[in-house]
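K.L.:
Count the sequence shown with the working numbering and you get residues 2 to 143, in order.
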Amino acid sequence: MANVTFYEKPGCKNNTKQKNLLIAAGHTLEAKSLLTESWTAEKLRPFFGDLSVSLWFNKSAPRIKSGEVLPDNLSEEKALELMIADPLLIRRPLIQVEAVYRVGFDPEIIDAWIGLNPENPVTEDLETCPRSHEQKPCATVQ
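1) Less than 7 Å between C-beta atoms, sequence neighbours within five positions excluded: which residues of the same chain meet that for Phe49?
2) If you follow the beta strand (DSSP E) that Asn4 is in, where does it begin and where does it stop?
3) Provide the residue(s) that pair with Gln97 in DSSP beta bridges, ordered along the chain.
4) Who are the near neighbours of Val98 in its chain, counting only those whose CB is closer than 8 Å to its CB and skipping five residues on each side?
5) Should the stretch 61 to 73 be regarded as contacting the stretch 26 to 36, the criterion being three or more beta carbon pairs within less than 8 Å?
6) Beta carbon of Tyr8, beta carbon of Arg93: below 8 Å?
7) Asp107 to Leu75, Cα distance in whole Å?
8) Applying the criterion that 16 or more other CB atoms from any shown protein chain within 10 Å of the CB defines a buried residue, is Ser61 buried or exposed?
9) Can you tell me whether DSSP reads Glu128 as helix, strand or coil?
10) Regarding Glu43 and the ligand MG, is the C-beta to nearest heavy atom distance less than 7 Å?
11) At which residues does the beta strand (DSSP E) containing Lys33 begin and terminate?
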């Protein structure tokens with residue numbers, strides 16, 4: 002089983018479900034706040050691998066939903082600059098196991114990489130925020 006560093010938004014329902022799936026599969030987790038981590042471009046960039054810049058972003062972030070930030074129009078440098086200034090923009094979770102870095106929680110990819118419990122299949126979307134942010138937006142720092 003793997004030792005997983007798991008960057009999350011504390012209090013996020015989906016991140017809690019994701020962590021529980023990893024723990025149920027026998028992995029050891031070190032959970033860290035994505036919002037309070039001291040990010041630099043050099044520290045953040047490896048999580049995105051060869052994904053297109055638009056896939057680096059949390060589509061549920063208020064600044065994306067409002068149209069203020071348009072991920073499809075950004076260079077890598079500008080995307081990293083925006084994410085460092087506003088970590089709510091970062092797609093989550095960020096997961097590190099040894100020297101391998103990943104963004105997001107696609108159960109098939111996670112299972113092929115480090116394994117998930119086959120007796121507990123994932124049947125729901127664990128990346129899209131289930132909350133309506135119109136009434137109570139997410140806090141920028143927790």
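Idealized CB from N, CA, C, for every residue including glycine.
P.N.:
So, from the data block:
1) By 1-based counting over the sequence shown, the position of residue 49 is 48. Trp57, Val104, listed in sequence order.
2) Working through the sequence shown from its first residue, we reach residue 4 at position 3. Residue range 4 to 9 is occupied by the beta strand (DSSP E) that includes Asn4.
3) Here residue 97 is taken as the residue at index 96 of the sequence shown, counted from 1. Its beta-bridge partners are Thr6, Tyr102.
4) The residue you call residue 98 lines up with position 97 of the sequence shown. Result list for Val98: Ala3, Asn4, Val5, Thr6, Trp114, Ile115, in chain order.
5) Because the criterion of three Cβ pairs below 8 Å is not met, the stretch 61 to 73 and the stretch 26 to 36 do not touch.
6) By 1-based counting over the sequence shown, the position of residue 8 is 7. By 1-based counting over the sequence shown, the position of residue 93 is 92. In contact: Tyr8 and Arg93 (Cβ atoms closer than 8 Å).
7) Position 106 of the sequence shown, counted from the start, is the residue given in the question as residue 107. Position 74 of the sequence shown, counted from the start, is the residue given in the question as residue 75. C-alpha separation (whole angstroms): 24 Å.
8) Along the sequence shown, one-based indexing puts residue 61 at 60. Classification for Ser61: buried.
9) As a first step, residue 128 is located in the sequence shown; it is residue number 127 there, counting from the start. Note: Glu128 maps to coil in three-state DSSP.
10) By its list of ligands, the structure shown contains no ligand whatsoever, and the ligand MG lies outside what it can speak to.
11) Here the question's residue 33 lines up with position 32 in the sequence shown. Here the beta strand (DSSP E) through Lys33 covers 29 to 34.
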